[in-house]
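**Student:** Quick one: the structure is below, questions incoming.
Chains as they are written, first to last, in the working numbering: chain U, 325 to 439; chain G, 215 to 330.
Put into structure tokens, the structure is as follows:
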């Protein structure tokens, strides 16, 4: 069975602060894929990043960065210098490389960035 | 290019009625997924289609739910004899399937279903 835990239900920060969203996953598969999606108030899920289990390099994309650590089964997401437009629900998701193709989602973290 | 489209965007129906939700995936995407997002349950997988293969229906919550995909493109999710607990946002996603690595899923805007 697979499981994704996002322990932070809601986070509120003031604009320009850095914020880290936590994601911890469980899987018995040795090959798997991790994802982050953003769901703004409009409702549409927006793909942010995919990470393969065999690639532990951290990634930076503009103000976004991701820290993948297999030793702790974590895939955390950091937004640097947050902006009001970053306010959204962020979902971490897992997909094994086996026959199951669907994503297993965490419960999401509601991020509110205050001006 | 065009993303995943879904219709209707909102649907209000009376308990006991049947509803059909439509998904038009991104052109060229061979894999199509349905998920449900509700307040108490988060995002749940419902069903997966890949090309001409038999669909993976393992996430369908009851036999009142069914889906089909015609011509490897458009998909319709049907809920028969709707119940109030079916109220949720129904999301469709599509992805490219290629040899080797998995590909990210791109989501549509969803259909908000309200059963009164």
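The C-beta atom is built at its ideal place from N, Cα and C for all residues, glycine as well.
Based on the DSSP output, what are the partners of residue 290 (chain G) in its beta bridges?
**Tutor:** G:236, G:282
**Student:** Check for me: the beta strand (DSSP E) holding residue 258 (chain G) runs from which residue to which?
**Tutor:** Start and end: 256-264.
**Student:** Are residue 297 (chain G) and residue 232 (chain G) touching if we call contact CB-CB under 9 Å?
**Tutor:** no
**Student:** With a cut-off of 8 Å, do at least 3 Cβ pairs link the region 404-422 of chain U to the region 224-243 of chain G?
**Tutor:** no
**Student:** Reducing DSSP to helix, strand and coil, say where residue 366 (chain U) ends up.
**Tutor:** coil
**Student:** Which of the three DSSP states, helix, strand or coil, is assigned to residue 313 (chain G)?
**Tutor:** With a pLDDT of 49 at residue 313 (chain G), under the threshold of 50, the predicted position of this residue should be treated as unreliable, though the coordinate-derived value follows. Per DSSP, reduced to three states, the secondary structure at residue 313 (chain G) is coil, with no helix or strand assignment.
**Student:** I want to see whether chain G comes within less than 9 Å of residue 374 (chain U), judged by CB atoms only; does it?
**Tutor:** yes
**Student:** How would you label residue 253 (chain G), buried or exposed, when you count the other beta carbons within 10 angstroms and need 16 or more for buried?
**Tutor:** exposed
**Student:** Using 8 Å as the cut-off, can you tell me whether the region 345-352 of chain U makes contact with the region 398-408 of chain U, which would need three or more C-beta pairs spanning the two stretches below that distance?
**Tutor:** yes
**Student:** What are the boundary residues of the beta strand (DSSP E) that residue 438 (chain U) is part of?
**Tutor:** Note, residue 438 (chain U): beta strand (DSSP E), 433-438.
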